[in-house]
Amino acid sequence: MNLRDHRIPTIAASASFWAWCALLSYPMVSGNYPVYAISQAVGLALFLATVSLACFSRLSLALARMNLAQIGILVIICLSLLLQLHGDELGTLSGIFYTCLLPVTAVALAVLWTLEPADFGRCMTVAAVVLCLFGTTAIAILGWPEQRDLGGFLQPNIFAAPLLASLVFSQFRPGLVGLLVRILCLAMVALVSSRFALIGCITAVALYELTFKPLSPAKIPALVIALIAGIALWPQIAGILALDDSTRGLSSGFSGRDERWQIALDAIADNPFGIGFKRTIGDEAGHNGYLKLIVEFGIPGGGLLILFIAYSFLVAGIDACRRAGKDWQQHRFDCARFGGLGALLFGAFFQPQVFSLGDNFAMCFLLLLFKPEALAAEPVVRAGKMPAHQF
């Protein structure tokens, strides 16, 4: 098999991921929920089918290299099928379908990490551009925000979630394109005053910069400039980042969400062992990703999921701080993953989706969470075989 034949799976997997990113974001501009729902399904089906056909052998490779925490998450999800056995038949069948699809999607996303490092970095960069262009396209079509909404229907946090994912993806590869994407994403998130996304973006950049070349001489003056700007512009910053503002309604900040969180706590008290994945109704999940995990998977299952997620974040931080034995590209990936996980874990307090199949925020989280352990590389190609992948 020649080198060109080996490039086809890489190109196919990357292209299907870019298409999925686009189908999870651009249809929101239409304001037509049925169109958006169909686009979500088409994007996921396209990605799973492409990875299964083009990268079938890598599925087992990715699964075999997962750590105990990642395996534990998949096992809990599979065991939660028992929680679906209640209610009407349609709800039960759809819940079982979504529950089975979730671990399959997680493993398929893990396959992207088995691409060659340069290909993976390129894949993330194009995905970042695709999602950033969603923001500019939405503003061009719907106009400047009015009362923070675009076009009177596109809610700020929904608009900002793909932009947060875009910024996270942009940090996996150096260059002017990634820097421009980060600037645009921060500007558009601030424009609609989506505070969870803005703090998430700042968190991702800060964690990345603190772990990737933390002693770089250029970062000292940058830190000084940032501190001076923060002091000078504090009134404006405080107005954007304020989290306890009751005037912004139930969908914003801590001050309105406590009522929704109480609804979720009541649902947990009524169903301490959970109601099953995708079986929550309305405000039952409290518009909080962690509460939704407990509502759906129960106190034992949801508690373990949160514990495993926290452990994965801790391990990601250790990997990001450890430079020995890695080249700069691998180190960059670890730092970008750590920053991204930190941003999304903060955002989960305000986003209802931690595990989901139709949301850029959750898709990005699944990708970062299910990174397989590094593989040993073989520098020489023999007998028609390609080198083993480092990721």
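Under the working numbering, the sequence shown is numbered contiguously, ending at residue 394. Ideal Cβ positions, reconstructed from N, Cα and C, are used throughout, including at glycine.
Check, Outcome
"7 Å CB neighbourhood of Arg340 in its chain, flanking five on each side removed", "Ala319, Leu371 and Lys374"
"Under 7 Å between C-beta atoms of Pro275 and Ile312", "no"
"Short Cβ contact (7 Å threshold) for Tyr314 with Phe137", "no"
"Beta-carbon proximity check, Ser173 vs Ala131, cutoff 7 Å", "yes"
"The stretch 180 to 198 in contact with the stretch 147 to 164 per 3-pair CB rule at 8 Å", "yes"
"Neighbour-count burial assignment, Phe394, 16 or more Cβ in a 10 Å radius", "The predicted position of Phe394 is uncertain, since its pLDDT is 43 and thus under 50; a value taken from the coordinates is nonetheless stated next. Buried: at least 16 other Cβ atoms inside 10 Å."
"Nearest-angstrom Cα separation, counted from Thr53 out to Phe349", "32 Å"
"Asp269 Cβ short of 6 Å to the ligand FMN heavy atom set", "Absent from the structure shown: the ligand FMN. Ligands present: none."
"Glu149 (DSSP reduced to helix, strand or coil)", "strand"
"Contact the stretch 179 to 191 vs the stretch 143 to 150: 3+ CB pairs below 8 Å", "no"
"Residue interval of the alpha helix (DSSP H) (run including Gln43)", "Tyr36 to Ala57"
"Extent of the continuous alpha helix (DSSP H) to which Ser173 belongs", "Pro159 to Ser173"
"Contact check, Val114 vs Ala67, beta carbons under 7 Å", "no"
"Contact check, Ala323 vs Thr214, beta carbons under 7 Å", "yes"
"Residue interval of the alpha helix (DSSP H) (run including His89)", "Per DSSP, His89 belongs to no alpha helix (DSSP H) and is neither H nor E."
"Span separating the alpha-carbon of Leu189 from that of Leu166", "8 Å"
"Gly279 versus Leu105, Asn35 and Trp23, residue with shortest Cα-Cα distance", "Leu105"
"Inter-residue spacing [alpha-carbon to alpha-carbon] between Phe300 and Val180", "40 Å"
"Residues near Phe123 in its chain [Cβ-Cβ closer than 8 Å; skip 5 each side]", "Leu115, Trp116, Phe175, Phe336 and Phe394"
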